[in-house]
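In the UniProt record's numbering, the protein residues as written are 1 to 110.
In this text, a Cβ means the ideal position worked out from N, Cα and C, and glycines have one as well.
Quick notes on the structure that follows.
Rendered as C-alpha cells:
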C-alpha cells in the first residue's frame with residue numbers, strides 16, 4: 001500500500017503496516033499515517049499522511065472541526081485532499097503504528 005512512508009526516495013515501496021483500529025483513544029497529529037476510505041471511492045482503502053488538522057489553513061482552506069487534510073507521500077501520483085478536499089475523521093479506519101515489512105524497514109511510527 002502507498003504511501004511509501006519514506007518521502008525522501010523516488011522508489012515506490014510496498015511497506016506492510018500494523019494499524020491501531022481502536023480509534024476512540026487515538027489522538028491524531030500532523031504526520032500520522034492513516035488508513036481511510038477515500039470519499040471518491042468508499043469501497044477502497046487508502047493510506048495517507050495527515051498534514052492538516054482542525055484550525056489549520058491549507059491552501060487557503062480552513063480545516064473544520066472533525067476533519068483533516070491528508071496527502072500521499074508520492075505527491076506526483078497521489079489522489080488526496082488536494083483533489084477531494086478535507087476528509088471527515090469518521091472515514092479513518094486505523095492509524096499506522098509500525099512498519100513490519102520489509103524487515104530492513106522494521107520500525108515504530110511516531
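With respect to the beta strand (DSSP E) encompassing residue i, which residues constitute its N-terminal and C-terminal limits?
{"i": "residue 49", "result": "46-52"}
{"i": "residue 71", "result": "67-71"}
{"i": "residue 21", "result": "Segment: none, residue 21 is in no beta strand (DSSP E) and carries neither H nor E."}
{"i": "residue 95", "result": "92-101"}
Report buried or exposed for residue i, applying the criterion of at least 16 other Cβ atoms within 10 angstroms of its Cβ.
{"i": "residue 38", "result": "buried"}
{"i": "residue 45", "result": "exposed"}
{"i": "residue 14", "result": "exposed"}
{"i": "residue 80", "result": "buried"}
Whole angstroms are fine: how far does the CA of residue j sit from the CA of residue i?
{"i": "residue 106", "j": "residue 32", "result": "17 Å"}
{"i": "residue 61", "j": "residue 85", "result": "9 Å"}
{"i": "residue 54", "j": "residue 91", "result": "15 Å"}
{"i": "residue 110", "j": "residue 42", "result": "27 Å"}
For the alpha helix (DSSP H) that residue i lies in, which residues bound it at each end?
{"i": "residue 83", "result": "81-84"}
Using 8 Å as the limit for Cβ to Cβ distance, is residue i near chain B?
{"i": "residue 19", "result": "Of the chains in the structure shown, none is chain B; there is only one protein chain."}
Just checking my contact of residue i with residue j at CB under 8 Å: how many whole Å lie between their CB atoms?
{"i": "residue 94", "j": "residue 34", "result": "7 Å"}
Checklist entry - Does the count of Cβ pairs from the stretch 100-107 and the stretch 65-72 closer than 8 Å reach three? => result no
Item to check | Segment contact, 8 Å Cβ cut-off, at least three pairs: the stretch 70-82 with the stretch 44-52 | outcome: yes
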